[in-house]
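Trainee: What follows is a single structure, and I will ask about it in a moment.
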């Protein structure tokens with residue numbers, strides 16, 4: 343096992359962990375959309391959240407290379 347990236351948490355993993363925390367606080371994740379938007383510094387999402395999240399993951403993975 344390579345430990346090259348062992349001490350670095352990827353952005354998509356951080357987002358997954360954060361999103362997991364949001365979902366675990368309440369059974370309905372959409373109730374926490376305002377908190378998620380505040381965390382991201384946005385007031386609204388122009389596209390569906392699942393599409394936005396996928397775009398962010400692709401962007402962050404591309405930037406990490």
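Residue numbers (the numbering used here): 343 to 407.
Even for Gly, the Cβ is constructed at its ideal location relative to N, Cα and C.
This structure is a prediction, so every number in the text was calculated from the model and none was measured.
Let me know the secondary structure DSSP gives residue 404 once reduced to three states.
Mentor: The count along the chain shown starts at 1 and reaches residue 404 at position 62. It is helical.
Trainee: Report the rounded CA-to-CA distance for residue 404 versus residue 395, giving the unit in angstroms.
Mentor: Along the chain shown, read from residue 1 onward, the residue named residue 404 stands at position 62. Along the chain shown, read from residue 1 onward, the residue named residue 395 stands at position 53. Cα-Cα distance, rounded: 14 Å.
Trainee: Does the distance from the C-beta atom of residue 393 to that of residue 357 stay below 8 Å?
Mentor: As a working note, residue 393 is residue 51 in the chain shown. As a working note, residue 357 is residue 15 in the chain shown. For residue 393 and residue 357, no; Cβs fall outside 8 Å.
Trainee: Which residue wins for smallest C-alpha separation from residue 391, given the options 401, 402, 378?
Mentor: In the chain shown, residue 391 corresponds to position 49, counting from 1. With distances taken between Cα atoms, residue 391 lies closest to 378.
Trainee: Going straight from the alpha carbon of residue 402 to that of residue 382, what length do you get?
Mentor: In the chain shown, the residue the question calls residue 402 occupies position 60. In the chain shown, the residue the question calls residue 382 occupies position 40. Approximately 14 Å, taken between the alpha carbons.
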